[in-house]
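The sequence shown maps to residues -18 to -1, 1 to 276 in mature numbering (1 follows the signal peptide of the UniProt record, and there is no 0). This report concerns only the one structure given below.
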Amino acid sequence: MKFSLILISLLSAVKTYGWGMKGHEAVGFIAMKFLAPEASSFVETSLSGPQYHSSLGLAAPWADEVRRQKGYAWSAPLHFVDAEDQPPTECSVNQKRDCAGNGCILTAIANYTSRVVDTSLSDSDRQEALKFIDHFIGDIGQPLHVEGIERGGNGIHVQCAGKKNNLHSLIFPALRSKMPTLIERIQTGEYQTSASNWIVCEPGSNFHWESVDAQTVLEPSLDDTLNCPLVWAKESNAYDCSFVWTYDSYEDLCSDDNDYYSGAVPIIELQIAKQGYRLAAWLNVLFDGKTNLP
Ligand SMILES: *[C@@H]1O[C@H](CO)[C@@H](O)[C@H](O)[C@H]1NC(C)=O
């Protein structure tokens, strides 16, 4: 194992911090590349001004910034779903079981999806809805936002070559430099052929956004959850069993024979690329009536 604990630390830290600022920005910047005309025009107008420069990338971290403020404390539980599963032996997401009470990321995406297109709301309410969608579609692709183990959270200290490290310091700078390549990989590289499957969102069927009208896609499937976010949550949650919790503690994650870090990086990159692409598809369906993507 090379960097095993770094990832855990990173992933644990992000229970609080999502993908971190850089990761969320990456999701937003990727989405910007794939917006259809109407979606793009709404984003342009809604996020205009010196704060966001009409960019989903710059607006994506907002929800993490405000959750620590008094006036937005209510939004903190909306960043994740505490799946009551038992990774690594059993992973599952069940909306009725895991998203009761004050709601979770599943109901939040449904709520802000209906609000962002609600023309009876004020511009600032619709902008807020857009920023929440921008952020939560990122978070739902993060495995630690879709699991029930509170294994230390930020308390996990990662040893890397004898020093304390965390995922933010190691992974997020790496992510930022990789961001242009993530877009390239979707457009012409290794993700190109699988990208069309990222926006298929009913497991076990050929349900595809292009083949149905926007209303059907956005129709709540169960209670107030939308179909696609539930599929995305299950996909993230599956990584908890297949990878995230399979590390051995007490390893030096930076030792040369440690393969956890090298195993984590492609998963993180894939999830960020996917969620950026999905964010674009989501907004395109809402504003242009179709994903407008290959
Ligand atoms: C939807 O979002 C609005 C604005 O943040 C909030 O006031 C409302 O309680 C939410 N509704 C649900 C069902 O979560």
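Here a beta-carbon is modelled for each residue, glycine too, at the ideal position from N, C-alpha and C.
Close Cβ partners of residue i (< 6 Å) along its chain, the five nearest in sequence each way excluded
i           : result
residue 59  : 84
residue 13  : 38, 258, 261, 262
residue 86  : 63
residue 238 : none
residue 44  : 113
residue 74  : 67
residue 29  : 36, 41
residue 108 : 98
residue 57  : 49
residue 223 : 69, 70, 73
Anticipated Cβ contact below 8 Å, residue i with residue j, distance rounded
i           : j           : result
residue 5   : residue 254 : 6 Å
residue 269 : residue 249 : That pair is no contact at about 31 Å.
residue 352 : residue 101 : With the chain represented from -18 up to 276, any question about residue 352 goes unanswered, as that position is not in the structure.
residue 164 : residue 8   : 7 Å
residue 32  : residue 228 : Contact doesn't hold; Cβ gap of about 45 Å is too wide.
residue 265 : residue 111 : With 8 Å as the limit, residue 265 and residue 111 do not qualify as a contact, their Cβ atoms being about 11 Å apart.
7 Å CB neighbourhood of residue i in its chain, flanking five on each side removed
i           : result
residue 132 : Because the pLDDT of residue 132 is 43, which lies under 50, any placement of that residue in the model is unreliable, and the number read from its coordinates should be weighed accordingly. Nothing meets the Cβ criterion.
residue 256 : 123, 180
residue 16  : 259, 262, 275
residue 357 : The requested residue 357 is not part of the displayed model; the chain covers only -18 to 276.
Own chain, CB closer than 8 Å to residue i, minus 5 neighbours either side, in chain order
i           : result
residue 252 : 173
Any chance you could list the beta strand (DSSP E) runs of at least 3 consecutive residues sitting entirely within the stretch 50 to 79, in chain order? For the stretch 50 to 79, not a single whole beta strand (DSSP E) run of length 3 or above is found.
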